[in-house]
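Read the structure below first, then the notes.
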Amino acid sequence: MATESIVVREVDDRDQRIQWDTNSPLHLDLSTRVGDWTIRHGIFRGGVSEGVEIVRLKNSRMHVDVLPTRGMSIWRIECDGIRFGWHSPVNGPVHPNHVPVSEPSGLGWLSGFDELVVRCGLESNGAPQHDANGKLEYPLHGHIANTPADSLSLEFDEASGRVELIAETIETRLFFKRFRMRSRIRVHADRTEVEILDDVTNELAMPRTMQMLYHINLGSPVLGENSRLVSTLDELAPKDAHAAEQIDRWDEFDGPTTGEAERVYFGRPRADETGYTHALLMSPKQKRGFAVSFKTSTLPAFVLWKNTAAETDGYVTGLEPATGFPNRRGFEEQQGRLVDIGAGETKSFRIKLRPLMDADLVEATRQKIQSLTDEGEPTEISKEPRSDWTDLNG
Numbered sequence: 160m161a162t163e164s165i166v167v168r169e170v171d172d173r174d175q176r177i178q179w180d181t182n183s184p185l186h187l188d189l190s191t192r193v194g195d196w197t198i199r200h201g202i203f204r205g206g207v208s209e210g211v212e213i214v215r216l217k218n219s220r221m222h223v224d225v226l227p228t229r230g231m232s233i234w235r236i237e238c239d240g241i242r243f244g245w246h247s248p249v250n251g252p253v254h255p256n257h258v259p260v261s262e263p264s265g266l267g268w269l270s271g272f273d274e275l276v277v278r279c280g281l282e283s284n285g286a287p288q289h290d291a292n293g294k295l296e297y298p299l300h301g302h303i304a305n306t307p308a309d310s311l312s313l314e315f316d317e318a319s320g321r322v323e324l325i326a327e328t329i330e331t332r333l334f335f336k337r338f339r340m341r342s343r344i345r346v347h348a349d350r351t352e353v354e355i356l357d358d359v360t361n362e363l364a365m366p367r368t369m370q371m372l373y374h375i376n377l378g379s380p381v382l383g384e385n386s387r388l389v390s391t392l393d394e395l396a397p398k399d400a401h402a403a404e405q406i407d408r409w410d411e412f413d414g415p416t417t418g419e420a421e422r423v424y425f426g427r428p429r430a431d432e433t434g435y436t437h438a439l440l441m442s443p444k445q446k447r448g449f450a451v452s453f454k455t456s457t458l459p460a461f462v463l464w465k466n467t468a469a470e471t472d473g474y475v476t477g478l479e480p481a482t483g484f485p486n487r488r489g490f491e492e493q494q495g496r497l498v499d500i501g502a503g504e505t506k507s508f509r510i511k512l513r514p515l516m517d518a519d520l521v522e523a524t525r526q527k528i529q530s531l532t533d534e535g536e537p538t539e540i541s542k543e544p545r546s547d548w549t550d551l552n553g
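Under the numbering used here, the sequence shown has 237 at position 78, and the numbering climbs by one with no breaks.
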């Protein structure tokens with residue numbers, strides 16, 4: 160008798176692992192004056208994704224997958240059939256129960272990293288920090304990405320076609336911190352723009368300091384050999400000597416290269432008259448792109464992470480608006496880049512994401528960004544790491 164097999168699930172079938180809940184209050188089909196919405200709510204089944212909550216917001220051209228279990232990260236955006244994100248070796252989404260954030264090395268965060276947009280913070284957002292005895296004080300990129308949202312709701316406006324997925328995530332430790340992050344993911348029925356509106360409140364009766372970084376991660380098909388970044392920066396410097404080797408082509412990208420180590424660049428963005436700055440990753444033939452805009456009043460730093468390793472090793476680039484640079488928290492404190500947040504005070508962070516699906520739209524966006532660059536002084540580029548930007552002893 161021939162051997163037969165029954166396949167319950169496979170490693171790479173993440174979409175098929177979603178169990179949609181037809182009884183959920185977020186199982187909705189909405190009609191608005193400008194277009195229709197399909198809202199779905201479910202959880203992943205099996206493996207390290209077991210129990211991860213997902214909400215899909217879908218209009219006629221685009222769907223956005225949000226992960227409340229992972230601090231309201233955006234797992235993927237798909238527009239006109241093109242998926243924006245990256246192919247992480249982690250192969251998530253990974254439930255926080257399987258991410259050892261506070262393991263002694265401080266690098267446990269990397270065990271869950273595969274989203275398009277993931278927040279780093281709120282107490283710390285950079286490299287691991289250990290005390291004089293080698294004990295971990297602050298892990299890589301903090302805790303918020305692996306903190307499940309406590310509340311979840313949806314608001315929609317029939318007239319404008321606006322939908323907002325709203326959640327509150329609390330990062331807390333008795334005697335030390337209590338930050339409440341109220342997140343809104345805002346989308347419209349007739350647009351392909353996604354807005355992230357985060358308000359972080361210090362709920363302790365004493366002042367605290369915080370950090371925030373938005374890790375926005377893109378791989379193929381937007382990222383490829385001869386892809387290019389267009390941005391508006393007043394200042395730019397390499398993070399280290401390895402990045403400095405390619406400072407003359409910091410905004411250009413190679414194809415996947417086996418053994419290539421990451422190169423990181425730090426910048427100070429230039430804002431337009433609305434208070435926003437803009438960055439655009441253009442595909443190799445400039446037929447597609449992905450634009451990121453953010454408010455510089457509370458996100459005054461920009462980080463470019465170029466990880467042009469082999470596809471199987473995580474070929475990706477990160478466009479990262481931040482409150483400062485992702486060094487050890489102690490170094491950032493010495494440089495005065497921690498965010499002071501008083502008792503009961505709220506800090507607001509604003510990001511806009513736009514997948515660009517044709518060459519005309521890519522070029523129009525490029526010209527808009529270039530015009531802002533042309534209005535001011537040329538970008539001041541340092542050939543070497545800056546001692547006030549890079550933790551050379553880290």
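Yeah, the Cβ is synthetic: ideal placement off N, Cα and C, and Gly gets one too.
Here isoleucine 165 carries a coil assignment [DSSP, helix/strand/coil]. Restricting attention to Gln405, Gly383, Leu388, the CA atom closest to the CA of glutamine 526 is found in Leu388. Pairing threonine 416 with threonine 467 gives a Cβ-Cβ distance under 8 Å. In this structure, the straight-line span from the alpha carbon of proline 307 to that of valine 498 is close to 23 Å. For threonine 532, the enclosing alpha helix (DSSP H) starts and ends at 518-534. By the Cβ test, the segment 281-298 is not in contact with the segment 240-255, since fewer than three Cβ pairs between them sit closer than 8 Å.
For glutamate 354, the enclosing beta strand (DSSP E) covers residues 353-361. Threonine 476 and leucine 382 do touch by the CB rule: their CB atoms are close to 6 Å apart, below 8 Å. Note on geometry: alpha-carbon atoms of aspartate 413 and arginine 332 lie some 43 Å from one another. In this structure, Arg509 is the residue among Ser183, Arg367, Arg509, Ala403 with its C-alpha nearest to the C-alpha of lysine 454. A straight line joining the alpha-carbon of aspartate 171 with that of glutamate 504 spans about 44 Å. Under DSSP, alanine 460 takes part in a beta bridge, and its partners are Ala481. Spatial neighbours of alanine 518 in its own chain (CB-CB distance under 7 Å, excluding positions within 5 residues in sequence) are listed in chain order as Gln445, Lys446. A straight line joining the alpha-carbon of isoleucine 202 with that of valine 322 spans about 21 Å.
Between histidine 347 and the set Pro366, Phe315, Thr538, the nearest pair of CA atoms involves Phe315.
Per DSSP, reduced to three states, the secondary structure at glycine 320 is coil, with no helix or strand assignment.
Valine 214 places its beta carbon less than 8 Å from that of leucine 324.
Separation of threonine 351 and valine 223 (C-alpha to C-alpha, rounded to the nearest whole angstrom) is 10 Å.
The residues Arg422, in chain order, have a CB closer than 7 Å to that of glutamine 405 in the same chain once the five nearest residues on each side in sequence are set aside.
With respect to the 8 Å criterion, serine 379 and alanine 438 are not classified as neighbours on the basis of their beta carbons. One thing to note: proline 544 has its Cβ within 8 Å of the Cβ of alanine 403.
For alanine 396, the enclosing beta strand (DSSP E) covers residues 392-397. With a beta-carbon spacing of about 5 Å, arginine 204 and glutamine 178 fall inside the 8 Å limit used to define contacts. Of the candidates Ser456, Glu470, Thr482, the residue whose Cα lies closest to the Cα of valine 462 is Thr482. Arginine 387 carries a strand assignment under DSSP once its states are collapsed to helix, strand and coil.
A check of alpha carbon separations from glutamate 470 across Glu419, Lys511, Arg341 identifies Glu419 as the nearest.
The three-state reading of DSSP puts arginine 332 in strand, counting E and B together. Annotated three-state conformation of valine 260 is coil, per DSSP. If you draw a straight line from the Cα of serine 164 to the Cα of glutamate 212, it comes to about 30 Å. It is roughly 26 Å from the alpha-carbon of aspartate 472 to the alpha-carbon of threonine 549.
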